[in-house]
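Report on the structure given below.
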Amino acid sequence: SGLGSYHYRLLGYSEELIGKPIAQLDTADAELVEQAFRDNHPFEYELTETERIWIRKIVPIVGPRYRLPAKFALLSPHGFGKRVRRVALITIHDATAARRKAQEKLVRQAMVQEIHHRVKNNLQTVASLLRMQARRAQHEETKQILNGSINRILSIAVVHEFLSQYEKAINMRDVANRIVRQVRDGILDATQAVHLQVEGDAVFLHAHQTTMVALVVNELILNALEHGIGDSGSGTVTISFTDEGDRVCLTVSDTGAGLPANFTLAEANSLGLRIVQTIVEQDLRGSFELTAAPEGTGTCAHVSFPKAAPEIFE
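Counting along the sequence shown from 1, when you hit position 14 you're at 31 in this note's numbering, and nothing is skipped either side.
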C-alpha cells in the first residue's frame with residue numbers, strides 16, 4: 018500500500034519485506050541484543066539520523082527449548098539449528114513527531130509562564146503608582162478607595178506569580194497565605210494586635226477559579242478588618258478551606274463586634290461585599306452568606322462553589 022511504501026522508504030528500503038529472509042533487514046542490533054540478554058531486561062536506545070529520531074527497543078523473550086528456525090538465526094549467537102532458549106523482539110519506532118510535539122509543548126509552557134511573570138510585574142508597578150497617589154491624597158476617603166484598589170490588584174498579582182511557577186493547578190491555601198502577608202505588611206499597623214491565620218485543606222484550583230477566589234479572600238479579609246475588628250485594634254481573622262470533593266467551602270471568620278442588628282446582605286452598603294457576591298454567584302456559580310460566628314462573637318463569611326473542570330493544555 019501507499020502507507021507501507023512510505024514507511025519502507027523511511028527505513029531505507031525500496032520494496033516490501035514481507036516474505037523475505039530476516040537477514041535482508043539490516044538492523045545492526047546484534048550487540049544490543051546481547052546487552053538485553055546480559056542485563057535480562059528490555060534495552061532501548063535512541064538514534065538521530067539527519068532530521069529523524071529513531072528509537073530501537075530490544076525485548077528478550079525467554080521460552081521453552083526448541084530449535085531456532087533459520088529466519089531467526091541472525092539473533093542467535095549459538096548459530097542455526099542449535100538448541101537455545103532465548104529470542105529477542107526488536108522494535109523500531111520513529112519518534113520524530115512525538116519529540117517535536119513535546120518540545121513545542123515545553124516552549125509554549127515556558128512562554129505562558131513568562132507572560133504570567135510579566136503580568137505580575139506590571140500589576141505590581143500599577144499598585145506602586147496607586148500607592149504613591151494614595152500617599153498624596155488629601156482626603157481619607159480617597160486614600161481608602163486607592164488602598165482598596167491596590168490590594169485587589171496585588172491579590173491578582175499573587176495568582177500570576179503562582180501561575181509563573183506552576184503549570185496548572187495551584188494550592189489555594191498557599192495563595193491565601195501570600196495575600197495574608199500582603200495585607201499584614203500593607204495595611205495593619207505594627208501596634209495592632211491582630212492575628213491573621215490560614216487553615217484547613219489544601220485545595221487545588223485552576224487559573225480562572227484561583228484568580229476569582231483570590232479576590233474573594235482579599236475582600237473578605239479587608240471586610241473583617243474594617244467592620245469586624247474595626248477600631249478595637251485586636252482580634253483574630255481566620256481563613257479556612259474545606260475540600261468536599263467536587264465542591265470547595267471557604268470561610269473567613271473574625272472575633273470582632275459581630276453583625277449589626279437586622280443585618281441583611283442585600284442592604285449592605287459595602288463595595289467589598291458586593292464584589293464578593295458578584296464573583297461568587299456569577300463567576301464561581303456558588304453561594305455566599307454572612308452569619309454570626311459559632312462562638313457567639315464576631316462574624317463568619319461562608320462561600321461554597323463547585324470545582325471547575327480542569328483546563329486542557331494542548
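Backbone N, C-alpha and C fix where the C-beta goes; we use that ideal spot for every residue, glycine too.
All values reported here derive from a predicted model rather than from experimental measurement.
Residue burial classification, residue i (beta-carbon count within 10 angstroms, cutoff 16)
i           : result
residue 149 : exposed
residue 59  : exposed
residue 240 : buried
residue 311 : exposed
residue 83  : Confidence at residue 83 is low in this model, with a pLDDT of 47, below 50, so the placement of that residue should be treated as unreliable; the coordinate-derived value is given next. So residue 83 counts as exposed.
residue 92  : The predicted model places residue 92 with a pLDDT of 49, which falls under 50 and marks its position as unreliable; any figure quoted below should be read in that light. Label assigned to residue 92: buried.
residue 98  : No answer about residue 98 holds up, because its pLDDT of 49 lies below 50 and its placement is not dependable.
residue 277 : exposed
residue 330 : Interpretation of residue 330 is limited by its pLDDT of 38, a score under 50 that renders its predicted location unreliable; the figure taken from the coordinates is listed afterwards. Burial call: exposed.
residue 57  : exposed
residue 89  : At residue 89 the pLDDT is 49, less than 50, meaning the model places this residue with poor confidence; the figure from the coordinates comes in the next sentence. It counts as exposed.
residue 190 : buried
Extent of the continuous alpha helix (DSSP H) to which residue i belongs
i           : result
residue 178 : 157-180
residue 254 : Note, residue 254: premise wrong, no alpha helix (DSSP H); beta strand (DSSP E) at 251-260.
residue 225 : 224-240
Distance, residue j Cα to residue i Cα
i           : j           : result
residue 230 : residue 166 : 16 Å
residue 236 : residue 64  : 57 Å
residue 287 : residue 138 : 29 Å
residue 209 : residue 250 : 5 Å
residue 271 : residue 180 : 30 Å
residue 252 : residue 185 : 36 Å
residue 206 : residue 280 : 29 Å
residue 123 : residue 160 : 44 Å
From the options, residue whose alpha carbon lies closest to that of residue i
i           : options            : result
residue 67  : 113, 61, 73        : 113
residue 54  : 132, 136, 107      : 107
residue 188 : 161, 158, 176      : 176
residue 152 : 143, 164, 141, 224 : 164
residue 171 : 232, 265, 218, 275 : 232
residue 275 : 258, 307, 291, 296 : 307
residue 262 : 321, 162, 158      : 321
residue 258 : 193, 295, 225, 238 : 193
residue 168 : 234, 299, 301      : 234
Bounding residues of the beta strand (DSSP E) (the contiguous stretch that carries residue i)
i           : result
residue 212 : 210-217
residue 276 : Note, residue 276: premise wrong, no beta strand (DSSP E); not H, not E.
residue 309 : 304-309
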